[in-house]
Amino acid sequence: MTDTFVSLGTWNWLIFGFIVMALEVLAPGVFLFWLGLAALLVGLISFGLHPSWQIQLVMFAVFAAAAVPVWRRLARSKQDAGASPFLNKRTEALLGREFTLEKPIIDGSGTVRIGDTVWRVAGPDTPAGTRVKVVQVDGANLTVAAA
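When the letters of the sequence shown are read in order and numbered with my numbering, they come out as residues 48 to 194.
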């Protein structure tokens with residue numbers, strides 16, 4: 048068995064790293080990527096330093112273990128950067144904003160254009176062109192008051 052480890056050369060680490068990274072494509076989850084990266088680092092370091100197979104295995108274990116907190120930090124920062132508090136809650140993002148009535152509110156119902164969407168609004172009778180403020184949301188219906 049030790050003959051197998053002794054024969055592990057730099058090229059074997061590089062090949063192992065690329066194979067593990069290719070497996071990540073088949074079973075995505077970003078875990079295998081870091082193991083492949085650890086193997087590639089061992090291979091690259093082995094080109095210059097020529098450590099024994101025991102040291103190579105220790106380096107692989109250290110790099111693989113160090114990859115976990117690095118991956119968590121990167122994943123957390125990426126998640127925080129892309130976090131949107133109103134994801135799937137589009138109407139809540141409109142609460143408190145002011146818009147101009149497109150059609151007048153007659154008998155408690157009118158419309159307002161927000162971007163490329165026409166929203167149904169409810170509130171006191173108000174002429175078209177008046178600025179209104181969204182005070183309540185209920186599904187796709189907005190309740191407005193004079194701004």
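Backbone N, C-alpha and C fix where the C-beta goes; we use that ideal spot for every residue, glycine too.
Spatial neighbours of Leu142 in its own chain (CB-CB distance under 8 Å, excluding positions within 5 residues in sequence) are listed in chain order as Val181, Val182, Gln183, Val184. Cα atoms of Val117 and Phe110: separation of roughly 10 Å, rounded to the nearest angstrom.
DSSP, reduced to helix, strand and coil, places Ser93 within a helical segment of the structure shown.
DSSP places Gly157 in the uninterrupted beta strand (DSSP E) bounded by 156-161. For the segment 60-107, there is no continuous beta strand (DSSP E) assignment of 3+ residues that stays within its boundaries. Taking 9 Å as the cut-off, the Cβ atoms of Val191 and Ile153 do not count as close. Taking a contact to require three or more Cβ pairs closer than 8 Å, the segment 53-67 and the segment 86-106 qualify as touching.
For Arg167, the enclosing beta strand (DSSP E) has its first and last residue at 164-169. The shortest C-alpha to C-alpha distance from Trp81 to any of Ala108, Pro171, Thr57, Gly56 is the one to Ala108. Note: Thr173 is bridge-paired with Ile152 in the DSSP secondary-structure output. The Cβ neighbour count for Trp60, taken over all protein chains shown within 10 Å, is at least 16; the residue is labelled buried. Around Leu148, the same chain offers Gly157, Val159, Thr173, Ala175, Gly176, Thr177, Val179 as residues with beta carbons nearer than 7 Å, after the five sequence neighbours per side are excluded. Restricting attention to Arg123, Val168, Gly155, Lys136, the CA atom closest to the CA of Glu145 is found in Val168.
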